Amino acid sequence: MREPDEAELVRIREQAELHRRGDESFARWAAGCGPIRHAELTQVRMRAMADLLSARGVKGDGAPFFDVLHAADRVACAAMWLVVHETYARTVHTDGRRLRQEDFKEHPEGHTGGSLNMVPAYTGYMAYDALTGRTRSWLMGQGHCVSAVDSVNLILGNLTPAHASRYDLTGQGLTRYVRDFYSLALREDGRQDSPLGSHVNAHTAGGLIEGGYLGFAELQYVHMPLPGENLVVFLSDGAFEEQRGSDWAPRWWRAEDCGLVAPIMIHNGRRIDQRTTMSQEGGVSWFVRHLELNGFDPLPFDGRDPAAFIWALFEIEERLSAAAAAIADGRSRYPVRLPYGIAGAPKGAGFYGEGTNLAHNLPLPGNPRHDEKSAALFNEHARRLWIPPDELEAARDRMRRHGASGRPLERDHPLATREAGHVSLPAPPAHPVPGVRSPRGPWGRASAMSAVDETYLAAVRANPRLRPRVGNPDEMRSNRMVRTLEALKFRVTDPEPGIPESVHGAVVTALNEEAVASAALGNKGGINIIVSYEAFAAKMHGVIRQEIIFSAHAQDAGRAPGWLSVPLVLTSHTWENAKNEQSHQDPSLCEALLGETGHVSRVLFPPDANTAGRTLTEAYRTHGQIWTMVVPKAPGVAVVFTPAEAEAMVRDGAMALEWCGAGRGPARLSLLAVGAYQLAEALMASARLTERGVAHRVGCLLEPGRFRRARSGAEARHAASAKTAAALVPAGSEACVVLSHTRPETMAGTLEPLLAGRRAAVLGYLNQGGTLDTRRLLFVNRSSWAHALEAAARLLELDRTILLAGPEIAALEGRGLLPPTPWGEA
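Under my numbering, the first residue of the sequence shown is numbered 526, with each subsequent residue one higher.
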């Protein structure tokens, strides 16, 4: 949208003047409030919007249009007043008196400038809901601006229970509010006392993500609302240079399966220490051209004015609705030019230091607790924002009439209260196992990823009300998600004949791991799966971790998420990518996610097709969790566990193989496997141990995190039972050898309680690799069956020649190759 030229500005000034003369309520609002001023272009736009809503019979929550705008100005000023008090003050006086130096904090904190810019934005969102009688969802990428959201919510009574029980608009309530901000205090139970955070948290009314990782809101928003829902998104110009995948939003939006999205960038031109790249390249005019080239419909507007935000939200929804109608009528086609607001304002507009580097955090030149000049500046500029209590109460009344239209408070918007409800889950495919099993087989063989493919597609078809999303960086066919791809198809704007592509496809593919993961993570109203090469999925870590943290905090706060858990399937993994150099041999992501909150971040290693299918099925019976599944894709993986055993393994976290490990006397050794190829090596080692008469127990750990030392009550409740642990490592067991998919150190720490008091060795990935095959990769990482036997002999103080033949010992010592086992691979 181009800016008006001088001739148009003459007409706009005349129209605004006529409106002010002819409408007292319009003129009262147009006069502005404190630092808030309404440009004549905004005045004309708001008059046109009011007339159109009136012609449509839209009454909103019942308060007159310009009375709501007048109220929004006062709410915004009061919220900015609170924001600067949160940063600097330890005492709040509702009568607006000057603060003395002892009224200031010893250690001020706060992302003040960004929060000041967010106040008009969030206030405008609330006012737009009031004007239209519709509660929209909201999302904020710059989570460090939380004090803006919290302050507006406090003024308007849009509070979660944790905030409502501590804060109100009295001097005492507001004083507690500002003292809680960065209070750093702990309760007697050792938990954080304040429900306020430095970023959006589980107590922020309506909050969806922390927003601590810049750029992820940009990737998720277009996938969030369901048809009939509306989402307002506040984005950061700093995040624009942080995360590129947001440019692709117009490629993914479809009216048929997505609600209206209204993205608005807060363009304040500053990063922490310097100007943004956008500002250096040419500011708003450069960004407008960039958006147009990438399929957006940019709308620049005044980011200092709540009314301008209202107009932008209205205009975005109008344009997007019209674009959808044109497509429905056959007069247009996808992709739409996605409307995108650009709210221009100096960093920290409305308070001292706006537009400077200091405005990002602490805009005053010094600490007002100890610097008289800074105290005087605070009082001078805060006074411009103060609203008398009776005037603020009248404004609150005009914006808090949800009951008139029967709509929920914004804290309870559709995305914040998402519930997946009942899910129908067909039984996963069943693969047969031998009637009599032994470590030497023979085994039936199948691809565990093919089982994942069949199980996911069956779940999608059984739940047509749930919108499916597959996050796929690349290689769907290589990863054996063939049936899912054929049925759901790649989402594209121009399908190629003969290829599984569709304008309405559910498989979102891009060579950007964070972007495709976000397609699934944003789809809280659907049934999702993310499938990636294990090594490349490491780039998803930040966005996955953000989801885990927020879900765990929401559960702690009594707001357990209702969205279906999201499986993150890591395949073509470290041991299967032996031929592709060490860039493709990387278990880092499952290791990192093992370290996260165990009852939310569940990391599982299905060893065969039956356990893979059952693991995926059980994932969809849970809510608010990330299930990281490390799954082999090769068709030749042995099917070791029956469907019933697979179900028991998911329930218990592991299983002891009762048909394996015979020998003379009680088991002296526990041989534990984590991963499919590790189980194969363990079974080969077991065959030799049985042959040589060494009594042992073989166990397979599906979810090793359940055997760690619990770090919270929730983890303790999620832990495996003592009975399961005792079956894996019997009381008389002297030693344990663990063969792990991961690096040894990670698994040794995780399984410390299981291994405690026994001699133990953990074998795993040692960062050795190259262009090899699976058998040789296991060997160079000292994780083969022979290395397991060597470790067992050492731990049991046996001569290793009892378990290993001469050529095998020579290979272990670096003198030749390890010969094939006489019994073949499991």
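Every residue, glycine too, gets a C-beta built ideally from N, C-alpha and C. These numbers were taken from a predicted model, which means no experiment stands behind them.
Beta-carbon separation (whole angstroms), residue i vs residue j, contact threshold 8 Å
i, j, result
"Val1219", "Leu1196", "That pair is no contact at about 10 Å."
"Ser1097", "Asn1004", "6 Å"
"Val1199", "Leu1226", "5 Å"
"Asp978", "Val948", "No, Asp978 and Val948 are not in contact; Cβ-Cβ is about 19 Å, not under 8 Å."
"Ala1207", "Val1223", "6 Å"
"Asp592", "Arg923", "5 Å"
"Ala1244", "Arg1231", "5 Å"
"Glu1270", "Arg1234", "The pair is not a contact, with the Cβ atoms about 16 Å apart (cut-off 8 Å)."
"Val958", "Thr1167", "5 Å"
8 Å Cβ shell around residue i - same chain, five flanking residues per side excluded
i, result
"Leu1323", "Val1219 and Ala1317"
"Arg1002", "Leu1010"
"Ile537", "Pro529, Glu565, Leu566 and Val569"
"Gly1149", "Ser1076, Ala1079, Gln1080, Ala1085, Pro1086, Gly1087, Trp1088, Ser1090 and Val1125"
"Arg926", "Asp586, Gly587, Ala588 and Ala655"
"Leu917", "Arg599, Val600, Ala603, Ile680 and Leu694"
Range of the contiguous alpha helix (DSSP H) that encloses residue i
i, result
"Ser1043", "Glu1038 to Leu1046"
"Thr567", "Glu565 to Ala580"
"Val609", "Phe590 to Tyr613"
"Arg1222", "From DSSP, Arg1222 is part of no alpha helix (DSSP H) but of the beta strand (DSSP E) over Val1219 to Leu1226."
"Phe765", "Asp762 to Phe765"
"Arg930", "The residue you asked about is not Arg; residue 930 is Ser in the sequence shown. Its alpha helix (DSSP H) spans residues His927 to Ser930."
"Thr1099", "Careful: Thr1099 lies outside any alpha helix (DSSP H) and carries neither H nor E."
"Ala1335", "Gly1331 to Leu1337"
"Leu1264", "Where Leu1264 is concerned, there is no enclosing alpha helix (DSSP H), although the beta strand (DSSP E) it sits in stretches over Ala1260 to Ser1265."
Close-in-space but distant-in-sequence residues of the same chain around residue i (CB under 7 Å, 5 per side omitted)
i, result
"Leu1046", "Gln745, Val1068, Glu1072 and Val1091"
"Glu1101", "Pro1157, Lys1158, Ala1159 and Thr1299"
"Cys1261", "Ser1195, Leu1197, Val1254, Leu1280, Arg1283 and Ala1285"
"Leu816", "Pro823 and Tyr865"
"Lys630", "Tyr613, Ala614, Arg615 and Arg894"
"Ala1163", "Gly966, Trp968, Arg970, Asp1133, Ala1205 and Ala1351"
"Leu1343", "Phe1304, Ser1309, Ala1311, Glu1333 and Ala1336"
"Leu534", "none"
"Met574", "Trp836 and Phe839"
"Pro743", "Contrary to the premise, residue 743 reads as Glu rather than Pro in this sequence. The residues are Gly666, Leu760, Ala764, Gln768 and Ser771."
"Met1272", "Val1199, Pro1229, Val1263, Ser1265, Val1287 and Gly1289"
"Thr729", "Val671, Val674 and Asp675"
Span of the beta strand (DSSP E) around residue i
i, result
"Tyr1058", "Gly1051 to Tyr1058"
"Asp827", "Phe821 to Asp827"
"Ala787", "Leu785 to His792"
"Leu1214", "No beta strand (DSSP E) holds Leu1214; the alpha helix (DSSP H) holding it covers Ala1201 to Glu1216."
"Arg1284", "Arg1284 to Leu1288"
"Thr1034", "Val1032 to Thr1034"
Contacts around residue i, its chain only, beta-carbon distance under 6 Å, and the 5 residues preceding and following it disregarded
i, result
"Ala597", "Thr648, Ala652 and Pro831"
"Ala929", "Asp586 and Gly587"
"Ala976", "Pro954, Ala1134, Ala1137 and Gly1138"
"Gly878", "Ala884 and Pro888"
"Gly966", "none"
"Trp1348", "Note that Trp1348 scores 48 on pLDDT, short of 50, meaning its location in the model is unreliable; the coordinates nonetheless yield the value given after this. Only Arg965 and Ala1212 meet the Cβ criterion."
"Asp772", "Asn819"
"Tyr738", "Gly1067 and Gln1071"
"Tyr702", "Tyr692"
"Arg572", "His544"
"Ala555", "Arg545, His563 and Gln568"
"Ser708", "Ser719"
"Ala1201", "Pro1132, Pro1157 and Val1162"
"Asn1306", "Tyr1290, Leu1291 and Gln1293"
Any chain B beta carbon closer than 8 Å to residue i
i, result
"Thr1275", "Looking for chain B here will not work: only one protein chain is present."
| Quick check: the segment 1145-1158 against the segment 1056-1074, are there 3 or more CB pairs under 8 Å? | yes
| Counting only runs that start and end within the segment 834-904, where is the beta strand (DSSP E) found for 3 or more residues in a row? | 863-869
| request: Check whether the segment 708-715 touches the segment 657-667, counting contact only when three or more Cβ pairs, one atom from each stretch, lie closer than 8 Å. | output: no
| request: Count the C-beta pairs between the segment 1288-1301 and the segment 1135-1145 that are closer than 8 Å, then say yes if the count reaches three, no if not. | output: no
| request: Could you say if the segment 823-837 and the segment 771-782 meet the contact criterion of at least three C-beta pairs nearer than 8 Å? | output: no
| field | Validate contact between the segment 725-738 and the segment 930-946 using beta carbons, cut 8 Å, 3 pairs | value | yes
| message | Taking contact to mean 3 or more Cβ pairs, one atom from each stretch, closer than 8 Å, check whether the segment 627-641 and the segment 670-683 are in contact. | response | yes
| Start-end ranges of the alpha helix (DSSP H) lying completely within the segment 633-685, minimum 4 residues | 637-657 and 671-681
| Quick one: complete beta strand (DSSP E) runs, 3+ long, within the segment 988-1022? | 992-997
| In chain order, which beta strand (DSSP E) runs of at least 3 residues are fully inside the segment 1115-1189? | 1126-1129, 1151-1155 and 1179-1181
| query | Does the segment 843-862 come within contact of the segment 780-790, defined as at least 3 CB pairs closer than 8 Å? | reply | yes
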